[in-house]
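Chains as they are written, first to last, in my numbering: chain X, 1 to 146; chain F, 1 to 126.
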């Protein structure tokens with residue numbers, strides 16, 4: 001794990017959280033979109049909050065796909081849940097929202113879970129190749145070299 | 001009756017998003033380290049290679065199904081039930097599916113992590 005890879009994981013957390021928040025803010029400004037009024041859903045893209053949210057979610061998806069190319073799914077997924085913690089902490093420290101004891105406990109559980117995974121290896125050897133560990137997950141570099 | 005629909009939607013969300021995550025993870029493992037590929041061949045090679053992986057499109061479709069299931073679930077059930085229930089159970093389902101289909105070695109450490117995160121997500125939404 002290099003510093004750059006940790007940056008990609010941080011990108012997953014930050015971009016998904018910020019993107020969701022912007023989308024939520026934009027959709028609230030637009031009001032209820034009913035299923036009978038689907039053109040309203042298309043026009044929602046013109047709202048600057050929604051447009052910015054979509055851009056950030058695209059950035060999230062790029063980071064997510066990049067991380068999945070070199071790390072296990074079970075390693076990457078907990079990183080996405082750190083967003084819940086991030087939102088709660090921002091709400092607490094910037095907007096002085098009260099956080100209930102159960103939510104603090106939730107924050108602690110998620111943080112502990114992420115810590116548990118982050119300390120371990122990012123890629124586990126595939127079980128079926130246990131006898132022949134010479135088969136790594138990235139075959140690209142060899143392919144590019146040839 | 002409303003509850004049955006809400007839980008059916010939750011089940012559908014879990015199934016679709018787990019399928020999507022597994023397919024996307026499988027595709028990206030086949031593509032290989034995109035950082036390396038980008039350095040050697042440029043961004044266009046990365047995009048081209050990802051788009052030419054058939055399971056990637058299937059994964060995206062599964063994610064789309066999960067998104068629309070969420071929308072329908074939200075129209076039947078409460079936000080405070082549908083979102084935490086589907087999000088936390090998806091973490092557990094993903095650990096199981098990664099173990100079975102991706103042959104990731106989900107050791108004790110990752111099982112505990114999946115359960116901690118799942119529990120934490122539920123508590124955050126209460």
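Glycine included, C-beta positions come from ideal geometry on N, C-alpha and C. Quantities reported herein were computed from a predicted structural model and do not represent experimental measurements.
Among the options, which has the Cα closest to the Cα of residue i?
{"i": "residue 8 of chain F", "options": "F/81, F/28, F/51", "result": "F/81"}
{"i": "residue 10 of chain F", "options": "F/88, F/103, F/112", "result": "F/88"}
{"i": "residue 8 of chain X", "options": "X/47, X/14, X/63, X/57", "result": "X/63"}
{"i": "residue 59 of chain X", "options": "X/43, X/16, X/23, X/119", "result": "X/16"}
{"i": "residue 48 of chain X", "options": "X/65, X/39, X/68, X/30", "result": "X/30"}
{"i": "residue 65 of chain X", "options": "X/11, X/120, X/41", "result": "X/11"}
{"i": "residue 20 of chain X", "options": "X/61, X/72, X/43, X/105", "result": "X/61"}
{"i": "residue 1 of chain X", "options": "X/46, X/103, X/67", "result": "X/67"}
{"i": "residue 18 of chain X", "options": "X/27, X/6, X/52", "result": "X/52"}
{"i": "residue 125 of chain F", "options": "F/30, F/114, F/79, F/65", "result": "F/79"}
{"i": "residue 106 of chain X", "options": "X/122, X/119, X/124, X/89", "result": "X/89"}
If the cut is a Cβ gap below 9 Å, which residues of chain X does residue i touch?
{"i": "residue 98 of chain F", "result": "72, 73, 74, 77"}
{"i": "residue 102 of chain F", "result": "72, 73, 74, 126"}
Is the shortest distance between the beta-carbon of residue i and the beta-carbons of chain F less than 8 Å?
{"i": "residue 110 of chain X", "result": "yes"}
{"i": "residue 26 of chain X", "result": "no"}
{"i": "residue 152 of chain X", "result": "What is shown of chain X runs 1 to 146, which leaves residue 152 of chain X out entirely."}
{"i": "residue 19 of chain X", "result": "no"}
{"i": "residue 105 of chain X", "result": "yes"}
{"i": "residue 16 of chain X", "result": "no"}
{"i": "residue 81 of chain X", "result": "yes"}
In chain order, what residues of the same chain lie with their CB nearer than 7 Å to the CB of residue i, ignoring the 5 residues before and after it?
{"i": "residue 21 of chain F", "result": "94"}
{"i": "residue 6 of chain F", "result": "73, 76, 77, 81, 82"}
{"i": "residue 102 of chain F", "result": "22, 25, 26"}
{"i": "residue 96 of chain X", "result": "none"}
{"i": "residue 18 of chain F", "result": "90, 93, 94, 97"}
{"i": "residue 59 of chain F", "result": "20, 23, 24, 27"}
{"i": "residue 65 of chain F", "result": "16"}
Which chain F residues are close to residue i, counting only those with a beta carbon under 7 Å from its beta carbon?
{"i": "residue 9 of chain X", "result": "Ordered by position in chain F, no residue passes the 7 Å Cβ test against residue 9 of chain X, which lies about 13 Å from the chain."}
{"i": "residue 84 of chain X", "result": "121, 124"}
Apart from the five residues just before and just after residue i, which ones in its own chain have a Cβ nearer than 8 Å to its Cβ?
{"i": "residue 38 of chain F", "result": "45, 46"}
{"i": "residue 69 of chain F", "result": "9, 12, 13, 16"}
{"i": "residue 13 of chain X", "result": "79, 80, 82, 83, 86"}
{"i": "residue 117 of chain F", "result": "88, 91"}
{"i": "residue 134 of chain F", "result": "Nothing in the structure corresponds to residue 134 of chain F, since chain F is present only between 1 and 126."}
Anything in chain X within Cβ reach of residue i, meaning under 7 Å, just list it in chain order.
{"i": "residue 2 of chain F", "result": "Those within 7 Å of residue 2 of chain F in chain X number zero; the least Cβ separation is about 17 Å."}
{"i": "residue 92 of chain F", "result": "By Cβ distance, chain X contributes nothing, its closest Cβ being about 11 Å from residue 92 of chain F, past 7 Å."}
{"i": "residue 25 of chain F", "result": "68, 73"}
Under a CB-based cut-off of 8 Å, is residue i close to chain X?
{"i": "residue 124 of chain F", "result": "yes"}
{"i": "residue 20 of chain F", "result": "no"}
{"i": "residue 48 of chain F", "result": "no"}
{"i": "residue 52 of chain F", "result": "no"}
{"i": "residue 95 of chain F", "result": "yes"}
{"i": "residue 11 of chain F", "result": "no"}
List the residues of chain F whose Cβ lies closer than 8 Å to the Cβ of residue i, in chain order.
{"i": "residue 88 of chain X", "result": "124"}
{"i": "residue 125 of chain X", "result": "105"}
{"i": "residue 102 of chain X", "result": "123, 126"}
Which residues in chain X sit within 8 Å of residue i, going by Cβ to Cβ distance?
{"i": "residue 116 of chain F", "result": "109, 110, 112, 113, 116"}
{"i": "residue 112 of chain F", "result": "113, 116"}
Considering only residues of the same chain and omitting the five flanking positions on each side of residue i, which have a CB-CB separation below 6 Å?
{"i": "residue 93 of chain X", "result": "none"}
{"i": "residue 70 of chain X", "result": "none"}
{"i": "residue 104 of chain F", "result": "98"}
Would you please verify whether the beta carbon of residue i is less than 8 Å from any beta carbon of chain A?
{"i": "residue 42 of chain F", "result": "In the structure shown, chain A does not exist; the protein chains are X and F."}
May I ask you to list, following chain order, the residues of the region 51 to 78 of chain X that have a beta carbon less than 7 Å from some beta carbon of chain F? So the list reads 65, 66, 68, 69, 70, 72, 73, 74, 77, 78, given in the order they occur along the chain.
Residues of the region 56 to 73 of chain F in Cβ contact with chain X at a cutoff of 7 Å, in chain order, please. Residues: none.
Please name the residues in the region 72 to 89 of chain F whose beta-carbon is closer than 7 Å to at least one beta-carbon of chain X, in chain order. Correct list: empty, as no residue qualifies.
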